[in-house]
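According to this note's numbering, the sequence shown is numbered sequentially starting from 15. Reading through the structure tokens given below for one structure.
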Amino acid sequence: TITVSRGAQRVEMPDAVGKRLDDIVPPLEDAGVPIEVVEVASETVADGIIVTQEPAAGVQVTGEDQVRFEVSTGADERPVPEIVGLTVDAAGFELGVAGLTLGELAPVADANVPLGAVVSADPPPGTVVEKDTPVSIVFSLGPVPVVVPDVTNRAATQAESTLESLGFEVIRAGRLVASDAPGGGAGAVFQQYPPAGTELQPGRSVTIVVGRVGP
15 TITVSRGAQR VEMPDAVGKR LDDIVPPLED AGVPIEVVEV ASETVADGII VTQEPAAGVQ
75 VTGEDQVRFE VSTGADERPV PEIVGLTVDA AGFELGVAGL TLGELAPVAD ANVPLGAVVS
135 ADPPPGTVVE KDTPVSIVFS LGPVPVVVPD VTNRAATQAE STLESLGFEV IRAGRLVASD
195 APGGGAGAVF QQYPPAGTEL QPGRSVTIVV GRVGP
């Protein structure tokens with residue numbers, strides 16, 4: 015019985031890019047080909063998928079050669095950006111730039127945060143999370159609305175004081191009246207907008223129409 019050598023065992027390099035490493039290496043290992051695996055982070059290639067290979071597909075290799083694969087470990091983790099105080103649209107943009115997504119939106123009345131601005135985020139800013147993690151946002155509806163009081167038939171200065179104490183901005187408009195007109199005449203409030211009983215957020219404006227005597 016004569017055994018004849020065929021030389022070094024050869025195996026053809028597969029077209030490995032885009033495939034899982036576990037599916038590629040068995041034939042190379044069976045042929046005794048040394049394999050170097052380098053892990054690299056990738057924003058676009060999933061974990062465990064081959065990104066590059068050396069030599070190229072179709073090259074014959076033996077145990078005296080060495081092949082090299084770069085394999086993706088997926089995207090790196092990243093911190094949640096500082097979005098508190100931004101508008102919801104601006105916060106969504108910043109999250110997208112960071113590789114995260116906008117999660118649930120929840121409104122809350124908050125007198126200390128401007129209307130439409132972000133009050134808090136979950137996970138909070140600075141937390142390190144995986145790519146595409148949704149970040150939920152609580153945004154401000156501004157201060158809790160209060161009932162506009164009835165200030166008609168009061169002196170304008172008293173009406174202004176009452177409205178300003180509730181946080182409203184007072185706009186004064188004039189109306190010509192006779193000096194002996196009912197309701198207090200000149201210097202008194204004849205009308206108000208919005209009317210008494212309206213729920214309005216502090217910081218909004220209330221217009222009072224004040225009687226004045228013509229020339």
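Idealized CB from N, CA, C, for every residue including glycine.
When rounded, the separation of the alpha-carbon atoms in residue 74 and residue 24 is 6 angstroms.
Straight-line spacing of the CA atoms in residue 28 and residue 45 works out to 13 angstroms. Of the other Cβ atoms in all chains shown, 16 or more fall within 10 Å of the Cβ of residue 177; this residue is therefore buried. Contact between residue 93 and residue 142 holds, since their C-beta atoms are separated by about 5 angstroms, short of 8 angstroms. Measuring C-alpha to C-alpha distances from residue 58 to each of 82, 64, 89, 49 identifies 89 as the nearest.
Secondary structure of residue 101 (DSSP, three-state): strand. Separation of the CB atoms of residue 85 and residue 64 is rounded to 6 angstroms, and the pair is thereby assigned contact status at 8 angstroms. In the DSSP assignment, residue 136 falls within the beta strand (DSSP E) that extends over 132-136. In this model, residue 206 and residue 228 are separated by some 21 angstroms (Cα to Cα). Residue pairing from DSSP places residue 53 in a beta bridge opposite 85. DSSP lists no bridge partner for residue 94. Taking 8 angstroms as the cut-off, the beta carbon of residue 225 is found closer than this to the beta carbon of residue 199. The beta strand (DSSP E) runs of length 3 or more contained entirely in the stretch 153-193 are, from start to end of the chain, 183-190.
Note on geometry: alpha-carbon atoms of residue 17 and residue 77 lie some 21 angstroms from one another.
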